[in-house]
Amino acid sequence: MIAVLASMFTVSGLPAPAGAATTVTPVRIIGGSGHAGLYGWGAATLNDGSVLIGDYWNFRIQHYAKDGTFLGTLVGTDTKGVGPTQHQSPYGIAVDPVTNDVYFGDVDGGDTIDKYDAAGHYLLSWGGNGSGPGKFKYPSYVAVGADQRVYVVDQWDHNVVVDTPTGTELFQFGTNGSADGQFKQPRGLGFDAQNRLFVVDNYNLRVQVFDTEGRFLFKFGQKGTGPGQFAPGADLRGLAVDKANGWVYVVDAASGYVDKFDTSGTYLSRFGGFGTGDGRFVGGGRDVTVDGDGNVWVGDMPGFRAQKFSPSGQFLIAVPSPAAPPPPGGFNQPRGVALDAAGNIFVSDTHNWRIQKLAPDGTFLLQWGNRGGGNYGFNYQRGLDVDQRDGSVVVADTDNHMIKKYTNDGVFVWSVGGFGTTSTQFKNPHSLTVGPDGKIYVAATQNQRIKVLSDTGATLLMFGSKGSGNGQFQFPRGVTVDADGSIWVSDSIRGIVQHFTSAGTYLGQFGALGSADNQLLRAADVEVDANNVYVADVDTHKVKVWTKTGQFVMAFGGGGTALGKMFNPHGMDLTAAGRLYVVEQTGERVQEFAVQ
Numbered sequence: 348m349i350a351v352l353a354s355m356f357t358v359s360g361l362p363a364p365a366g367a368a369t370t371v372t373p374v375r376i377i378g379g380s381g382h383a384g385l386y387g388w389g390a391a392t393l394n395d396g397s398v399l400i401g402d403y404w405n406f407r408i409q410h411y412a413k414d415g416t417f418l419g420t421l422v423g424t425d426t427k428g429v430g431p432t433q434h435q436s437p438y439g440i441a442v443d444p445v446t447n448d449v450y451f452g453d454v455d456g457g458d459t460i461d462k463y464d465a466a467g468h469y470l471l472s473w474g475g476n477g478s479g480p481g482k483f484k485y486p487s488y489v490a491v492g493a494d495q496r497v498y499v500v501d502q503w504d505h506n507v508v509v510d511t512p513t514g515t516e517l518f519q520f521g522t523n524g525s526a527d528g529q530f531k532q533p534r535g536l537g538f539d540a541q542n543r544l545f546v547v548d549n550y551n552l553r554v555q556v557f558d559t560e561g562r563f564l565f566k567f568g569q570k571g572t573g574p575g576q577f578a579p580g581a582d583l584r585g586l587a588v589d590k591a592n593g594w595v596y597v598v599d600a601a602s603g604y605v606d607k608f609d610t611s612g613t614y615l616s617r618f619g620g621f622g623t624g625d626g627r628f629v630g631g632g633r634d635v636t637v638d639g640d641g642n643v644w645v646g647d648m649p650g651f652r653a654q655k656f657s658p659s660g661q662f663l664i665a666v667p668s669p670a671a672p673p674p675p676g677g678f679n680q681p682r683g684v685a686l687d688a689a690g691n692i693f694v695s696d697t698h699n700w701r702i703q704k705l706a707p708d709g710t711f712l713l714q715w716g717n718r719g720g721g722n723y724g725f726n727y728q729r730g731l732d733v734d735q736r737d738g739s740v741v742v743a744d745t746d747n748h749m750i751k752k753y754t755n756d757g758v759f760v761w762s763v764g765g766f767g768t769t770s771t772q773f774k775n776p777h778s779l780t781v782g783p784d785g786k787i788y789v790a791a792t793q794n795q796r797i798k799v800l801s802d803t804g805a806t807l808l809m810f811g812s813k814g815s816g817n818g819q820f821q822f823p824r825g826v827t828v829d830a831d832g833s834i835w836v837s838d839s840i841r842g843i844v845q846h847f848t849s850a851g852t853y854l855g856q857f858g859a860l861g862s863a864d865n866q867l868l869r870a871a872d873v874e875v876d877a878n879n880v881y882v883a884d885v886d887t888h889k890v891k892v893w894t895k896t897g898q899f900v901m902a903f904g905g906g907g908t909a910l911g912k913m914f915n916p917h918g919m920d921l922t923a924a925g926r927l928y929v930v931e932q933t934g935e936r937v938q939e940f941a942v943q
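Using our numbering, the letters of the sequence shown map in sequence onto residues 348 to 943.
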């Protein structure tokens, strides 16, 4: 059910110059939190044979009996956050074969390894972001050997870190590369009955096998689309070893299959494949584990469930059953909002991998998208905008490195991009705006530049480069076009907004990095009217306003759930009628303000 609240009160700012906006009045709240019942990712088996499934975007770990009976939440009854007993995204899970203690990588909650006992009591954490001893860049998967040493895949540091059960680092092995013993984004690991360590080497499209001291033994797997091969596109997501039978299961999300090998690397069979029915994966599986009966459980995050298979690949059950997708009209970490000429509201529901269309009164109308690739697949899409001429919707599909265009009712029109640095490619575009003539202005964030596309997706103009000088960018996150054709761009890392001509010539800038009202801590989207520039400052929970000549006008918002307050404002849209719509990333709603 969509919540729409109304009120009329003024948020006062500092004295503003003549002609600039002096009041911003909160009008209503649209939508609210709407998560799936399960975002199945990590998987592990307790010593009694029951199964743990990481519920990624609900920040918890769920416990199931072998027959699928839900046994409760093991980890995650505390609040989301960073710190002991708080979690953001529990990733790979491991169980100590001796003590039954549970370890998992908390990749977005401080880059730590967190440890609990089998009853769900917090024991300790270690790590933190960094590349030195005792630190991790992205501790995604964990395994515990028979000697109780803890092996952690540091996915972004391309190595395996070996720790004691209390978090003291013993040694590391592996470096970035393709030689034997090197890795390119390792993404899963597990021990066989001989205590040999199997490690998924994602971008090298192989599995490598080591002894417990990190000495390379052998490898298997190769690039290809046939049985026993790993699909080009490199999305190997997890590995599990059936110690009793000597089988190894590898999840290949790029192909949709789970491949089965013996522990010598000989291919045996595969199951799964892309699809929406039982036994299929709409966006590929995630982690995998073997339960106490030898059956195989696979996290199916894009399908909002986990699936259980027999060793031969026969589908057995799914949990929950039926799957509980996110409710219509609810949001999970939304990042973009835009309105069409009829007042319909489009929201980029980022962590639900969909675009939602709401009526002007906030009533849900339709949705499209799922986690994955292809015409309707999204990978944490962020910004979007509407071409006011025909109502078409253009989306920055950020982690697929694509720009995609749809009709007003969600029918695919075209896509452009792909990962890279050429004039037709992108690296993580975060936002975009559509000009009155249909040109599309894209913040090509990790390319550190702005790209202007035609309404058919052809590249018309590029400007900007990496740096801290005038006209350069560190992390361009927001972009908008003015009535005169000039372009405004927020640089999130530098805390500034830069102004350019329509040809990309630098004109000036305002702002500074900081948390004061006249500074920007993490600038996101930018909007502009006849007098002022509006900037969503994510981490101060405010929208901040400057004149076009760089004079600070006001800040409004501040952390809170009341009308006019906000948590992590991100995307915005300012209509010709003077209505500012702000989508709150962690507030998980849209607010409407009247600007005068």
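We put the CB at the ideal spot given by N, CA and C, even for glycine. Bear in mind the structure is a predicted one, so any value in this text is a computation, not a measurement.
Contact between the region 566–582 and the region 611–621 is present, with at least three C-beta pairs closer than 8 Å. According to DSSP, residue 928 shares a beta bridge with 920 and 939. By DSSP's assignment, residue 717 forms a beta bridge with 724. Annotation for residue 616: the continuous beta strand (DSSP E) segment containing it runs 614–619.
Fully contained in the region 739–766 are the following beta strand (DSSP E) runs of length 3 or more, in chain order: 740–744, 749–753 and 759–764. Residue 843 and residue 870 have their C-alpha atoms some 8 Å from each other. DSSP places residue 434 in the strand class (E or B) of the three-state scheme.
For the set 783, 681 and 782, the Cα lying nearest the Cα of residue 938 is the one of 681.
Residue pairing from DSSP places residue 587 in a beta bridge opposite 596. A straight line joining the alpha-carbon of residue 804 with that of residue 761 spans about 8 Å. C-alpha of residue 731 to C-alpha of residue 755: approximately 12 Å in a straight line. The three-state secondary structure of residue 885, taken from DSSP, is helix.
Considered as a whole, the region 480–508 harbours 486–491 and 497–501 as its complete beta strand (DSSP E) runs of no fewer than 3 residues, in chain order. Beta-bridge partners of residue 731 (DSSP): 742. In the DSSP secondary-structure assignment, residue 461 is bridged to 451 and 472.
Look at residue 519 here: in three-state DSSP terms it is strand. Scanning the region 660–711 for uninterrupted beta strand (DSSP E) segments of 3 residues or longer gives 662–666, 683–686, 692–696 and 701–705, listed from N- to C-terminal end. For the region 857–906, the full-length beta strand (DSSP E) segments reaching 3 residues or more read 870–875, 879–884, 889–894 and 899–904 along the chain. The residues 853, in chain order, have a CB closer than 6 Å to that of residue 817 in the same chain once the five nearest residues on each side in sequence are set aside. Put simply, of 465, 702 and 665 the residue whose alpha carbon is nearest the alpha carbon of residue 421 is 465. Judged by their CB atoms, residue 408 and residue 449 are nearer to each other than the 9 Å cut-off.
Taking a 10 Å sphere around the C-beta of residue 846, we find 16 or more other C-beta atoms and assign the residue as buried. Rounded to the nearest whole angstrom, the CA to CA distance from residue 859 to residue 594 is 57 Å. By the 16-neighbour rule on beta-carbons within 10 angstroms, residue 728 is buried. Burial is judged here by how many other beta carbons sit within 10 angstroms of a residue's own beta carbon; residue 490 has at least 16 and is buried. With respect to the 9 Å criterion, residue 378 and residue 742 are not classified as neighbours on the basis of their beta carbons. Note on geometry: alpha-carbon atoms of residue 874 and residue 744 lie some 20 Å from one another. Check the Cα spacing between residue 415 and each of 930, 665, 839 and 459: the tightest is with 665. The alpha carbon of residue 633 has as its nearest neighbour, out of 836, 476, 652 and 411, the alpha carbon of 652.
Rounded to the nearest angstrom, the gap between the Cα atoms of residue 589 and residue 439 is 17 Å. Distance between residue 796 and residue 810, taken at the CA atoms: about 6 Å.
Taken in chain order, the whole alpha helix (DSSP H) runs of length 4 or more contained in the region 775–849 number zero. In this structure the region 874–886 does not lie against the region 645–664, because fewer than three pairs of beta carbons, one per stretch, are closer than 8 Å.
Close CB contacts of residue 598 within its chain, under the 6 Å cut and outside five residues either way in sequence, are with 584, 585, 605, 632 and 635 (chain order).
Scanning its chain for C-beta atoms nearer than 7 Å, with the 5 sequence neighbours on each side dropped, one finds around residue 893 the residues 857, 879, 880, 899 and 900, in chain order. Taking 9 Å as the cut-off, the beta carbon of residue 471 is found closer than this to the beta carbon of residue 514.
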